[in-house]
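The sequence shown lines up with residues 6 to 101 when you count with my numbering.
For glycine and all other residues, C-beta sits at the position ideal for the given N, C-alpha and C.
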Amino acid sequence: MSKKIDAALKDLKKALNKHAEIVGSSAVSLKKAQRASAKVAAAATAYAEVVHSKSGMGNPFDDMLQPGLDSGTLASLAAERDSIKNHMTGPISVSK
6 MSKKIDAALK
16 DLKKALNKHA
26 EIVGSSAVSL
36 KKAQRASAKV
46 AAAATAYAEV
56 VHSKSGMGNP
66 FDDMLQPGLD
76 SGTLASLAAE
86 RDSIKNHMTG
96 PISVSK
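Below is the structure:
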């Protein structure tokens, strides 16, 4: 491995370890978690740039999905919830 890739990998591992330490604790500070996330993102970007400049390969993180639901799904679920809420005027009858 090249020295630049080794250094970028070391920084990425350090950022990931610090992030895991912060978000894995029992009391998670939002500001600390956000700072740690930003450092992971910056280290991942730096790693990808070094890999690209050395090998010409693309970003190894391009195919990663963002956690959570996409905005269209969230909007659909919210509309369904509101529709159910608006149609609920009294107690639900249970058939036997």
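| query | Leaving out five residues before and five after ASN64 in sequence, what residues of the same chain have Cβ atoms less than 6 angstroms from its Cβ? | reply | ALA53
| query | Counting Cβ pairs, one atom from each stretch, are 3 or more of them under 8 angstroms apart for the region 84 to 94 and the region 37 to 46? | reply | no
| Which residues bound the alpha helix (DSSP H) around ALA47? | 35 to 60
| said: Taking the alpha-carbon of SER7 as reference, which of VAL56, ALA83 and ASP68 has the nearest alpha-carbon? | reply: VAL56
| field | Start and end residues, alpha helix (DSSP H) containing ASN91 | value | 76 to 92
| query | Does the Cβ-Cβ distance between ALA41 and LYS19 come in under 8 angstroms? | reply | no
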